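Worksheet for the structure shown next.
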Amino acid sequence: SIEILHISVNPSHRFQGIGKKMVKALNEMYAEKEITANENTAAFIEKCDFC
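Per the working numbering, the very first residue in the sequence shown carries number 41; after that it's consecutive.
This is the structure:
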(Lines of atoms letter the chains of each structure in order from A; the text may use other names.)
(Lines give C-alpha, C1' and ligand atoms only; values in the text may rest on other atoms or scores of the structure.)
Protein backbone atom coordinates (compact mmCIF):
# COMPACT_ATOMS: atom_id res chain seq x y z
CA SER A 41 0.00 0.00 0.00
CA ILE A 42 0.96 3.65 -0.35
CA GLU A 43 0.57 5.86 2.71
CA ILE A 44 0.07 9.56 2.10
CA LEU A 45 1.66 11.37 5.00
CA HIS A 46 1.23 14.98 3.91
CA ILE A 47 -0.33 16.96 1.07
CA SER A 48 0.69 20.53 0.41
CA VAL A 49 -0.73 23.00 -2.07
CA ASN A 50 0.41 26.61 -2.26
CA PRO A 51 -2.20 28.73 -0.42
CA SER A 52 -2.84 30.85 -3.52
CA HIS A 53 -3.82 27.69 -5.45
CA ARG A 54 -6.00 25.98 -2.85
CA PHE A 55 -9.65 25.05 -3.43
CA GLN A 56 -9.01 24.39 -7.13
CA GLY A 57 -8.92 20.59 -6.93
CA ILE A 58 -5.14 20.35 -7.16
CA GLY A 59 -4.75 18.15 -4.09
CA LYS A 60 -7.43 15.78 -5.35
CA LYS A 61 -5.71 15.65 -8.74
CA MET A 62 -2.44 14.71 -7.03
CA VAL A 63 -4.13 11.85 -5.15
CA LYS A 64 -5.90 10.73 -8.33
CA ALA A 65 -2.58 10.71 -10.22
CA LEU A 66 -0.98 8.57 -7.51
CA ASN A 67 -3.97 6.24 -7.62
CA GLU A 68 -3.57 5.86 -11.39
CA MET A 69 0.22 5.46 -11.25
CA TYR A 70 -0.01 2.77 -8.57
CA ALA A 71 -3.36 1.20 -9.43
CA GLU A 72 -2.27 -2.14 -8.01
CA LYS A 73 -1.66 -0.60 -4.58
CA GLU A 74 -4.11 0.67 -1.97
CA ILE A 75 -3.82 4.29 -0.90
CA THR A 76 -3.94 4.78 2.85
CA ALA A 77 -3.69 7.87 5.00
CA ASN A 78 -2.38 8.81 8.39
CA GLU A 79 -4.22 10.90 10.99
CA ASN A 80 -3.14 14.12 9.24
CA THR A 81 -4.44 13.22 5.78
CA ALA A 82 -7.33 10.82 6.50
CA ALA A 83 -10.14 13.39 6.22
CA PHE A 84 -8.81 14.72 2.92
CA ILE A 85 -8.21 11.29 1.40
CA GLU A 86 -11.77 10.26 2.29
CA LYS A 87 -13.07 13.25 0.29
CA CYS A 88 -11.11 12.11 -2.77
CA ASP A 89 -13.20 8.94 -3.33
CA PHE A 90 -10.16 7.04 -4.64
CA CYS A 91 -9.50 4.74 -1.69
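C-beta: ideal position from N, C-alpha, C; glycine also.
This one's a predicted model, so the numbers in the text were calculated from it and none came from an experiment.
Helix, strand or coil for residue i per DSSP?
i          : result
residue 47 : coil
residue 71 : coil
residue 91 : Any reading at residue 91 is ruled out, since the residue's pLDDT is 48, under 50, leaving its predicted position unreliable.
Return the CA-CA distance between residue i and residue j, expressed in angstroms with no decimal places.
i          : j          : result
residue 82 : residue 52 : 23 Å
residue 73 : residue 65 : 13 Å
residue 71 : residue 87 : 18 Å
Could you tell me which of the options sits nearest to residue i, measuring between CA atoms?
i          : options       : result
residue 84 : 60, 66 and 50 : 60
Just to check my reading of the structure: residue i and residue j have Cβ atoms closer than 8 Å, yes? What is that Cβ distance to the nearest angstrom?
i          : j          : result
residue 47 : residue 62 : 7 Å
Just checking, does the region 43-58 make contact with the region 68-82 on the three C-beta pairs under 8 Å criterion?
yes
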